[in-house]
Structures are given as structure tokens and as C-alpha cells.
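Under the UniProt record's numbering, residues 407 to 702 are what the sequence shown spells out, in order. In this text, a Cβ means the ideal position worked out from N, Cα and C, and glycines have one as well. Contents: one structure, followed by commentary.
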Amino acid sequence: ATPTALLVGTGRGAQLGILIKGPEILESTRRVDTIVLDKTGTVTSGRMALDDVVLAGEGAASTRSELLRFAGALENASEHPIARAIARAAEDETGVLPGVESFHSAAGKGVSGVVDSHAVIAGTAALLADWSMQIPAGLAEAKRSAEANGKTAVLVGWDGEARGMLAVADQLKPTSREAISQLKALGLTPVLLTGDNAAVAQSVADQVGIDRITAEVLPQDKVDVVKSLQAEGHVVAMVGDGVNDAAALAQADLGLAMGTGTDAAIEASDITLVRGDLRSAADAIRLSRSTLGTIK
Ligand code: ADP
Ligand code: MG
Numbered sequence: 407a408t409p410t411a412l413l414v415g416t417g418r419g420a421q422l423g424i425l426i427k428g429p430e431i432l433e434s435t436r437r438v439d440t441i442v443l444d445k446t447g448t449v450t451s452g453r454m455a456l457d458d459v460v461l462a463g464e465g466a467a468s469t470r471s472e473l474l475r476f477a478g479a480l481e482n483a484s485e486h487p488i489a490r491a492i493a494r495a496a497e498d499e500t501g502v503l504p505g506v507e508s509f510h511s512a513a514g515k516g517v518s519g520v521v522d523s524h525a526v527i528a529g530t531a532a533l534l535a536d537w538s539m540q541i542p543a544g545l546a547e548a549k550r551s552a553e554a555n556g557k558t559a560v561l562v563g564w565d566g567e568a569r570g571m572l573a574v575a576d577q578l579k580p581t582s583r584e585a586i587s588q589l590k591a592l593g594l595t596p597v598l599l600t601g602d603n604a605a606v607a608q609s610v611a612d613q614v615g616i617d618r619i620t621a622e623v624l625p626q627d628k629v630d631v632v633k634s635l636q637a638e639g640h641v642v643a644m645v646g647d648g649v650n651d652a653a654a655l656a657q658a659d660l661g662l663a664m665g666t667g668t669d670a671a672i673e674a675s676d677i678t679l680v681r682g683d684l685r686s687a688a689d690a691i692r693l694s695r696s697t698l699g700t701i702k
């Protein structure tokens, strides 16, 4: 093979907003049959906003502003996009947030810490279970309904009791649906991969036309999802943006990072989609096929 066609391919890639680490990468791109897509920040914008606040039943003495203040103070110590949305909304509504002591972040589950001498937690049902907190029926119903609508439910509790739920909404990237249809037309099977709840994942998958989902995957387990697809004989591409995605991006036969994502994701990947537009993933596959077609 003359390297000229490959260099043309990579030059054309730059025009399309696709940065390819080396010409040899086009070869693995051509053989890919499965494309694993991180949800937050890849298929969705990752710009989250607080959408709803639900208090636990009348029996609970807590108020909306107490719930926002405690959850906001706690989330103020976290960098997670969900946390940024909650802290921002809490500060807007209740003013300057108190500090947190003994802050701890449980990967893929949520956060805990001490605010105004109360032990506060915010996160998934699994996190509440870890802290032996029961979820009252009203909150469970609010959570189900938020998730069915594609929103992430953050349960909040303190001093041993679940106190409320904060629904956080993300938005689909406007080009995701078209990108998925292009990837399918190229013969690839898209798989949605997320740490988020299965109902949220299903809602997002339905909206963009993805048939296969793997949800509630802890950050350290994302790489195993890629490995098991490879063990089934698939040649796997992975698209992601987060620190969480770096190991899976490196494991994949082809790693594609959103240019809008973290340095860790970009460094672990073979290709950077500069515009953060999933359609560029389809462009990259098409480009590699046409470039290698030229050499043959
Ligand atoms: P994703 O794969 O969508 O980027 P993560 O693995 O970061 O998700 O998180 C998985 C889930 O853990 C989130 O959907 C959320 O329910 C919960 N979670 C993670 N971090 C936080 C946080 N700071 N506050 C509340 N919940 C959190
Ligand atoms: Mg992400």
C-alpha cells in the first residue's frame, strides 16, 4: 500500500473535523462492526439542568429549600455534570451554600458528606441501600416517572432517612438521531453504554433509534463491556468523552473521543471528533472505507 492514499485520507479527515492519530488507524476503522456509545456527553449534550424537586411524604419535616440547600452543598464538592446542575440551582434558589466535611464520592453511585452537622447523601437507589435508607412509595413513584421520561433521579437523604428526589434533565444532541441512522446504514450495530439507570437509558435509546443498551455500568466496568463484545468476535469501536470512558476507549479496536470531552478520553483514543458531533463518527468510518478502497 502506498502511504499517499492514507495521508490523503487523514488530510480529508482534518477538513471533516476528524483528527486521526496515525494513518494505520484507518485499517481497524474499516473492520469495525459494533459501535459502543457512551450516553452522557456523547449522545446527549451533558449540559444538565435541575428539572423537578420532589419531597418525601408529609411526615417528613424537611422543606424544599432545606432539600436544595443540603443536596446543593454536597454536590458543590463534586465535578459531575449532575452535581454542577444541582449545586447551581440550589445556589440560585437558596443563596450561598454551606461547606461540606468528610466529602466522599462513590463512583457511579453518588456522593456523601457532612453539611451543617447532618450526614447527607445524594445519588442512586443503590447508594441509599448502602446507607440502609428505605425509599418511601411516593419517592419511588416520582423516581420511576422521572426515569421513564429520560431524566436522572437523584435521591437525597440525611440522618438515616430518604428526604426527597431531584430530577436532572439532559438533552439529546440535535444530530444524534441522524448519526445513529447513518451508522446503522454503514452496517454497524450501535450499543448505548451508561452508568445511568436502565429506564433513562431506554428512553434515550428509543429517541435516537438504538436497539441495544447496557446500563447501570460502574465506571471501572465499562472496559469489560467492550472486552465481552470482542470476546463474542466483534470488532468494536467506542465513542466517549469522560474520564470514565478512557479505559474502554483504549480497549476498543477503535477509540473515538468527543473533542468537547476530557483530555483523558482524547489521549486514550485513536480519533478525535473535533466538533463533538456524533455524525463525525460515521464520517470517519466512511472516510476509512473510501481511502482504503483507493489503495486496493
Ligand atoms: P454516565 O455513564 O452517564 O456518565 P456515571 O457513571 O458518572 O454516569 O454515574 C452513574 C450514575 O451515578 C448517575 O446517573 C447518577 O445516578 C449517579 N451519580 C454519579 N455521580 C453523582 C453525583 N455527584 N450526584 C448524584 N448522583 C450521582
Ligand atoms: Mg460521558
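Counting only beta-carbon separations shorter than 8 Å, does I426 have a partner in chain C?
Among the chains of the structure shown, chain C does not appear; only one protein chain is present.
Rounded C-alpha distance that separates T697 from T666:
Straight-line measurement puts the Cα of T666 at about 26 Å from the Cα of T697.
Around the Cβ of T530, are there at least 16 other Cβ atoms within 10 angstroms (buried) or fewer (exposed)?
If you draw a 10 Å sphere on the C-beta of T530, you find 16 or more other C-beta atoms in it, and that means buried.
Taking any heavy atom of ligand 2 as the mark, which residues have a C-beta closer than 5 Å to it, listed down the chain?
Those residues whose C-beta sits under 5 Å from the nearest heavy atom of ligand 2 are, from N- to C-terminal order along the chain, D444, T446, G447, D647 and G648.
Can you give me the C-alpha to C-alpha distance between L425 and Q588, rounded to a whole angstrom?
C-alpha separation (whole angstroms): 20 Å.
When you compare each of E430, S434, V614 and T448 to V645 by their alpha carbons, which one comes out closest?
When E430, S434, V614 and T448 are compared, the shortest CA-CA separation from V645 is found for T448.
Just mark T557 as buried or exposed, buried being the case when its beta carbon has 16 or more other beta carbons within 10 Å.
Correcting the residue identity first, residue 557 is Lys in this sequence and not Thr. It is buried - the Cβ of K557 has at least 16 other Cβ atoms within 10 Å.
Taking buried to mean at least 16 other C-beta atoms within 10 Å of its own C-beta, is T408 buried or exposed?
Any answer about T408 is weak, because its pLDDT of 46 lies below 50 and its placement is not dependable; what the coordinates show is given next. Residue environment analysis places T408 among the exposed positions, since fewer than 16 neighbouring C-beta atoms fall within 10 angstroms of its C-beta.
Considering Cα atoms alone, identify which of R470, A493 and I488 is closest to A479.
Nearest Cα to A479 within the set R470, A493 and I488: A493.
For E507, which residues from the same chain have a beta carbon less than 6 Å from its beta carbon, with the 5 sequence-adjacent residues on both sides left out?
If we look at E507 and ignore the five residues flanking it on each side, its Cβ neighbours are V520.
Is the beta carbon of N555 within less than 7 Å of some heavy atom of ligand 1?
Placement of the Cβ of N555 at a distance of 7 Å or more from every heavy atom of ligand 1 is found.
Is the CB-CB distance between L474 and V459 below 8 Å?
In this structure, V459 lies closer than 8 Å to L474 by Cβ.
Hey, is residue 703 close to ligand 1, as in C-beta under 7 Å from one of its heavy atoms?
The structure shown does not extend to residue 703, since the chain is modelled only from 407 through 702, so no value can be given for it.
Return yes when at least one heavy atom of ligand 1 lies under 7 Å from the C-beta of T558, else no.
It does: the Cβ of T558 is within 7 Å (strictly closer) of some heavy atom of ligand 1.
Verify the contact flag: G516, CB atom, against every heavy atom of ligand 1, threshold strictly below 7 Å.
At least one heavy atom of ligand 1 lies closer than 7 Å to the C-beta of G516.
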